[in-house]
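See structure below.
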Amino acid sequence: MKPFLTEILACPIDKSFPLDVFIFKWENFPPEVLEFFQNPTLDTITKAFGNTLIHFAEDDDGQVQIGDLIVLGKKPFGEYLNLILEKIKELEVFHDTTNSLLISKLSDILNSVRENVSRASEALKKGTTPKTLLPTIELDLNLLNAYKQRVEIEEGILRCPKCKRWYPIVETIPQMLPDNLRHQKKDLEFLTKWQTPVPIDITREGQPWHL
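Its first residue numbered 269, the sequence shown is counted upward by one per residue in my numbering.
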């Protein structure tokens, strides 16, 4: 499951959104993607993905328009930055339990991305031109796109904060089924398998069943 899916997934029972995400295992990265996350540069972006993940151009009025895999369709630079900051905030529902050094490093990088984009947004309001600001955050924007669109959660749990139902992520697929279509035995086997990193409120009180 790619992280960006949390932007569209809602609880099938009460339609609550967003869902909490608990990550137990990440899918193995291809070597070129691993190299990019370990050594993020514009060169390693091109090697990993064939091109940079953001696209920008000037419109007829000379204004910078920018778009990417997160903000679909090109937007004016200021509007784009505001949307990106919203997308970064959505990552607050993620809880990584893997103890992966790479993901820990990536989380630190994403915090830096948030600060850099916020700083660019403030500078834009004070009159700094998009052409001046874009080179200072281009790598940050590519990192954010790569994280939300190019990595996969292999095993984990989605939890509804309202009704406390939990939904397993199995082999990268979120199992978003209503209660009457779920398999209790398989669900409890999954919960037992990952009992250590699963939050205690899920193992003791999670719905539709718990340990």
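Each residue gets a CB set at the ideal place from its N, CA and C atoms; glycine is no exception. In this text the structure is predicted, and so the values were computed from the model without any measurement.
Going by beta-carbon coordinates alone, are residue i and residue j separated by less than 9 Å?
| i | j | result |
| --- | --- | --- |
| F345 | V332 | yes |
| A316 | L349 | no |
| P465 | T365 | yes |
| M269 | I470 | no |
| L409 | D336 | yes |
| V381 | L411 | yes |
| S375 | L353 | no |
| Y435 | P271 | no |
| L378 | D288 | no |
Which residues in the same chain have their Cβ closer than 6 Å to the Cβ of residue i, if we skip the five residues on either side of it in sequence?
| i | result |
| --- | --- |
| G424 | F290, I291, F292 and I437 |
| D282 | K430 and C431 |
| P280 | M444 and P446 |
Which of helix, strand or coil does DSSP assign to residue i?
| i | result |
| --- | --- |
| V438 | strand |
| R433 | strand |
| F305 | helix |
| V332 | strand |
| E473 | helix |
| A325 | strand |
| F285 | coil |
| P344 | strand |
| I405 | helix |
| F297 | coil |
| I291 | strand |
| I338 | coil |
| T320 | coil |
| T397 | coil |
| L479 | coil |
| Q417 | helix |
Can you tell me whether residue i is buried or exposed? The criterion is at least 16 other CB atoms within 10 Å of its CB, across all chains shown.
| i | result |
| --- | --- |
| N413 | buried |
| T312 | buried |
| R433 | buried |
| R472 | exposed |
| G318 | exposed |
For the beta strand (DSSP E) that residue i lies in, which residues bound it at each end?
| i | result |
| --- | --- |
| G424 | I421 to R427 |
| F272 | Careful: F272 lies outside any beta strand (DSSP E) and carries neither H nor E. |
| D447 | Counting along the chain, D447 falls outside any beta strand (DSSP E), and DSSP gives it neither H nor E. |
| H363 | F362 to D364 |
Could you check whether the Cβ of residue i sits closer than 9 Å to any Cβ belonging to chain D?
| i | result |
| --- | --- |
| S380 | The chain labelled as chain D is not found in the depicted structure, where only one protein chain is given. |
Under 8 Å Cβ to Cβ from residue i, same chain only, skipping five residues before and after it: list those, please.
| i | result |
| --- | --- |
| L479 | L456, L459, T460, Q463, T471 and R472 |
| E275 | P286, K355 and E358 |
| L340 | none |
| K399 | V332 |
Mind checking which residues open and close the alpha helix (DSSP H) that includes residue i?
| i | result |
| --- | --- |
| T312 | L310 to F317 |
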